[in-house]
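Participant: So for the sequence shown, our numbering puts the first residue at 1; every next one is plus one.
In this text, a Cβ means the ideal position worked out from N, Cα and C, and glycines have one as well.
Just dropping this structure here.
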Amino acid sequence: MGLKDLFHKKNQATMKDGNQVIKVNVANGYEPEVVEFKQGTPAKIIFNRSNDSACLARVQSDEMQFNTDLPLNQDVEVAINTDQKGEFNYACGMNMFHGKVVIK
């Protein structure tokens, strides 16, 4: 297994209570920056912000229709609609840091 395989698996969801779930750490941007879900199965991203920058205190996506505050050091769940395949972008409140959801 190469480094690419190890990195790729980090971006894929695990199943929990019937939902695909990925945890994204919000520190110096979003880690992982790109996350993957399977089409047609309920999905959630759990954001946890450890950086006190006001820029990262909000995550938003017009494409996925969410706009959510991220309190410091707290898990915040955001439901992701997986009805359609594609790539969907999200960003911080100031649109300086970006992430992407890929639905396959």
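#1: According to the neighbour-count rule (16 or more other Cβ atoms, all chains shown, within 10 Å of its Cβ), is E31 buried or exposed?
#2: Of the choices E77, G86, F97, whose alpha-carbon is the least far from that of K104?
#3: At what residues does the beta strand (DSSP E) containing C92 begin and finish?
#4: If you drop the 5 nearest sequence neighbours on each side, which residues of the same chain put their C-beta closer than 8 angstroms to that of C117?
#5: Please work out which residues of its chain come closer than 6 angstroms, Cβ to Cβ, to N67, disregarding the five sequence neighbours upstream and downstream, and give them in chain order.
#6: Tell me which residues share the same chain as V35 and place their Cβ nearer than 6 angstroms to its Cβ, disregarding the 5 neighbours each side in the sequence.
#7: Quick one: what's N73 bridged to in DSSP?
#8: Measuring only the C-alpha atoms, how far is A57 from E63?
#9: Straight-line CA distance for G18 to P42?
Facilitator: So, from the data block:
#1: exposed
#2: G86
#3: 86-92
#4: Limits of the chain in this structure are 1 at one end and 104 at the other, which puts residue 117 out of reach.
#5: Q60
#6: N11, I22, V101
#7: Its beta-bridge partners do not exist; DSSP assigns none.
#8: 19 angstroms
#9: 7 angstroms
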